[in-house]
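A.B. asks: Residue numbers for the sequence shown follow our numbering, beginning at 203 and rising by one.
Positions of the beta carbon are idealized from the N, C-alpha and C atoms, including for glycine.
As the structure is a prediction and not an experimental result, all values here were calculated from the model.
This is the structure I want to talk about, given as structure tokens.
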Amino acid sequence: MPTRCWRSRIATGQRLWWPRPCIGFRALAPSERVMSFGSARSRSRSCQTLPDWLSRSPAAAGRSPYHPATMGVQLVTGDDLVLVAEAVARIVKEALGDEDRSLALEQLDEAGLRDPDGGWRLAPLVDAAQTEPFLTSRRVVVGRHLARFSRKGDCDELVRLLETLPATTDLVLVWERGVEPAMGGRLPAVPKELAAAVKSAGGTSLNVTPPRGKSDAHKWLRSQLEQSGLHFEPAAVAAIDDLVGADHGNIVGLLRTLEGALGSGATVTADDVAVYGGDPGSVVPWELDDAVDRGDITEALRVLHRLLPSRHPLQLLAALHGRYQRMLRLDGAGAADERQAAEILGMKGSTFPAKKILGQTRRLGSEKVARAIRLLADADLALRGTVDWPDELVLEVLIARLAALSAR
Numbered sequence: 203m204p205t206r207c208w209r210s211r212i213a214t215g216q217r218l219w220w221p222r223p224c225i226g227f228r229a230l231a232p233s234e235r236v237m238s239f240g241s242a243r244s245r246s247r248s249c250q251t252l253p254d255w256l257s258r259s260p261a262a263a264g265r266s267p268y269h270p271a272t273m274g275v276q277l278v279t280g281d282d283l284v285l286v287a288e289a290v291a292r293i294v295k296e297a298l299g300d301e302d303r304s305l306a307l308e309q310l311d312e313a314g315l316r317d318p319d320g321g322w323r324l325a326p327l328v329d330a331a332q333t334e335p336f337l338t339s340r341r342v343v344v345g346r347h348l349a350r351f352s353r354k355g356d357c358d359e360l361v362r363l364l365e366t367l368p369a370t371t372d373l374v375l376v377w378e379r380g381v382e383p384a385m386g387g388r389l390p391a392v393p394k395e396l397a398a399a400v401k402s403a404g405g406t407s408l409n410v411t412p413p414r415g416k417s418d419a420h421k422w423l424r425s426q427l428e429q430s431g432l433h434f435e436p437a438a439v440a441a442i443d444d445l446v447g448a449d450h451g452n453i454v455g456l457l458r459t460l461e462g463a464l465g466s467g468a469t470v471t472a473d474d475v476a477v478y479g480g481d482p483g484s485v486v487p488w489e490l491d492d493a494v495d496r497g498d499i500t501e502a503l504r505v506l507h508r509l510l511p512s513r514h515p516l517q518l519l520a521a522l523h524g525r526y527q528r529m530l531r532l533d534g535a536g537a538a539d540e541r542q543a544a545e546i547l548g549m550k551g552s553t554f555p556a557k558k559i560l561g562q563t564r565r566l567g568s569e570k571v572a573r574a575i576r577l578l579a580d581a582d583l584a585l586r587g588t589v590d591w592p593d594e595l596v597l598e599v600l601i602a603r604l605a606a607l608s609a610r
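Have a look at this one:
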């Protein structure tokens with residue numbers, strides 16, 4: 203039996219048992235390297251030629267198998283399930299290239315990261331990322347629902363992984379909410395140490411969360427339309443803006459529908475949007491507040507009907523009650539400006555919401571604020587069964603009366 207020694211012969215850093223050159227090793231070109239033992243006759247039957255990508259050494263490829271600059275790391279952040287899924291699908295497709303998806307791709311969601319004790323662990327994701335490719339040149343590993351690991355120190359394993367990630371692994375980290383059980387509140391921020399590790403590894407970060415401001419949201423929507431490969435008339439852009447509303451993820455399905463119906467490169471009209479657009483999406487809650495504050499009953503009722511499919515009537519009532527309760531606190535409190543109003547209301551961050559509430563409090567005055575509180579109390583009782591009205595009708599009457607207070 204010939205003497206064997208460890209020799210690294212592949213770009214991935216994987217080590218194989220190789221015979222010493224003096225015993226049964228054919229001095230061939232790298233792409234023709236063979237492993238052979240025994241006589242020349244037996245070698246002719248049993249020698250195995252390595253694939254070209256396996257025979258290339260790290261030096262020949264011009265990189266170290268663990269060099270940070272060669273790592274393919276993508277950090278995707280987002281709070282919209284559809285937009286996140288679309289971004290991840292695109293990144294995975296580009297990373298796989300011509301590789302066999304069934305062999306090269308491994309995806310781990312929160313179910314695969316669940317600890318037997320009921321918690322969450324990153325070990326399965328780390329193991330998957332460190333696994334060498336099998337019958338492919340690369341592996342693409344996707345970690346979903348990573349917002350489960352938002353507490354300090356939770357991502358330490360990921361940070362260490364990025365320091366030694368194999369060059370044959372493309373790692374996609376998806377910072378999104380967990381779904382079972384559902385995570386309430388805002389999406390936690392990406393830990394600074396994880397963001398820094400991605401940057402140090404030469405990776406890129408992509409935030410697919412649409413902007414919240416109305417002007418910025420319009421710009422974001424237009425950029426999505428420009429990237430779609432379709433052409434939109436100005437009236438069509440306005441129709442899509444109104445149709446999508448706050449449900450930004452709907453733009454993905456809408457663009458696919460329009461392209462499938464009209465063809466790539468087609469010009470889209472407002473009539474096309476009306477035909478293929480489907481049901482309107484929701485709107486942001488403050489659009490209802492703004493319409494009521496202006497005393498625009500028609501617009502307020504239109505916005506209400508856009509909100510009702512996605513929100514329970516008691517949720518809408520609670521939001522309205524909270525706003526007018528803040529007005530009640532400011533009434534007579536002597537707030538001179540928005541900063542003082544924010545302090546009285548305990549609001550942190552931007553003072554813009556406090557400015558709007560203070561302005562509406564001054565416009566209504568004490569009597570109308572008190573009247574609004576009584577209207578909200580009556581609506582609460584009606585929703586709980588004191589009046590034999592449908593919930594939608596109760597809210598329509600309430601919104602119309604609140605808007606009428608501002609119009610007087």
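Does DSSP put Ala441 in a helix, a strand or coil?
C.D. replies: Translated into positions along the sequence shown, residue 441 becomes position 239. Here Ala441 sits in helix by DSSP.
A.B. asks: Going by beta carbon distance, what residues of the same chain come within less than 6 Å of Gly345, once the five residues before and after it are set aside?
C.D. replies: One-based indexing of the sequence shown puts residue 345 at position 143. Hits under 6 Å: Leu310, Leu327, Leu375.
A.B. asks: Give me the residue from Arg513, Lys416, Arg379 with the minimum Cα distance to Asp593.
C.D. replies: By 1-based counting over the sequence shown, the position of residue 593 is 391. The residue with the shortest Cα to Cα distance from Asp593 is Arg513.
A.B. asks: Please give the ranges of any alpha helix (DSSP H) in the region 451-504, keeping only runs that are unbroken, at least 4 residues long and fully inside the region.
C.D. replies: Runs found: 452-464, 472-478, 487-496.
A.B. asks: What are the uninterrupted segments assigned as alpha helix (DSSP H) that are 4 or more residues long and contained completely in the region 543-579, given in chain order?
C.D. replies: Counting whole runs of 4 or more residues, the region 543-579 contains no alpha helix (DSSP H) stretch at all.
A.B. asks: What do you get for Arg163, buried or exposed, if any count of 16 or more other CB atoms within 10 angstroms of its CB means buried?
C.D. replies: Summary: the structure shown does not reach residue 163, with the chain confined to residues 203 through 610, and so no result is reported for it.
A.B. asks: Ends of the alpha helix (DSSP H) at Gly524?
C.D. replies: The residue labelled residue 524 in the question sits at position 322 within the sequence shown. First-last of the alpha helix (DSSP H) with Gly524: 515-532.
A.B. asks: Do Val596 and Ala572 have their C-beta atoms closer together than 8 Å?
C.D. replies: As a first step, residue 596 is located in the sequence shown; it is residue number 394 there, counting from the start. As a first step, residue 572 is located in the sequence shown; it is residue number 370 there, counting from the start. Not a contact, by the Cβ cut-off of 8 Å.
A.B. asks: Determine the direct distance from the alpha carbon of Ser407 to that of Val392, and round the result to whole angstroms.
C.D. replies: The residue you call residue 392 lines up with position 190 of the sequence shown. The residue you call residue 407 lines up with position 205 of the sequence shown. In a straight line, the C-alpha of Val392 is about 11 Å away from that of Ser407.
A.B. asks: Which of the three DSSP states, helix, strand or coil, is assigned to Ser304?
C.D. replies: Position 102 of the sequence shown, counting from 1, holds the residue named residue 304. Looking at Ser304 - three-state DSSP - the assignment turns out to be helix.
A.B. asks: DSSP on Trp422, reduced to helix/strand/coil?
C.D. replies: Here residue 422 corresponds to residue number 220 of the sequence shown, with the count starting at 1. In this structure, Trp422 counts as helix in the three-state DSSP scheme.
A.B. asks: Given this structure, state the Cα-to-Cα distance separating Val494 from Ala584, to the nearest angstrom.
C.D. replies: Translated into positions along the sequence shown, residue 494 becomes position 292. Translated into positions along the sequence shown, residue 584 becomes position 382. When rounded, the distance between both Cα atoms is 21 Å.
A.B. asks: Check Ala289 in the structure and name its three-state DSSP category.
C.D. replies: For the purposes of this step, residue 289 is taken as the residue at position 87 of the sequence shown. The answer is helix: DSSP assigns Ala289 an H, G or I state.
A.B. asks: Taking the alpha-carbon positions, what's the Leu604 to Glu365 distance?
C.D. replies: The sequence position of residue 604 within the sequence shown is 402, counting from 1. The sequence position of residue 365 within the sequence shown is 163, counting from 1. If you take the alpha carbons of Leu604 and Glu365, they lie about 58 Å apart.
A.B. asks: From what residue to what residue does the alpha helix (DSSP H) around Leu607 run?
C.D. replies: Residue numbering aside, residue 607 sits at position 405 when the sequence shown is read from its first letter. 593-609 is the extent of the alpha helix (DSSP H) around Leu607.
A.B. asks: According to DSSP, what are the bridge partners of Phe434?
C.D. replies: Counting from one through the sequence shown, the residue named residue 434 turns up at place 232. Phe434 is bridged to Val470.
A.B. asks: Give the straight-line distance between the Cα atoms of Thr471 and Trp422, rounded to the nearest whole angstrom.
C.D. replies: Start at 1 with the first residue of the sequence shown, and residue 471 comes out as number 269. Start at 1 with the first residue of the sequence shown, and residue 422 comes out as number 220. Using only the alpha carbons, I get a separation of about 20 Å.
A.B. asks: May I ask you to report which of helix, strand or coil DSSP gives Leu230?
C.D. replies: What you label residue 230 is simply residue 28 of the sequence shown in a count that begins at 1. Interpretation of Leu230 is limited by its pLDDT of 42, a score under 50 that renders its predicted location unreliable; the figure taken from the coordinates is listed afterwards. Coil.
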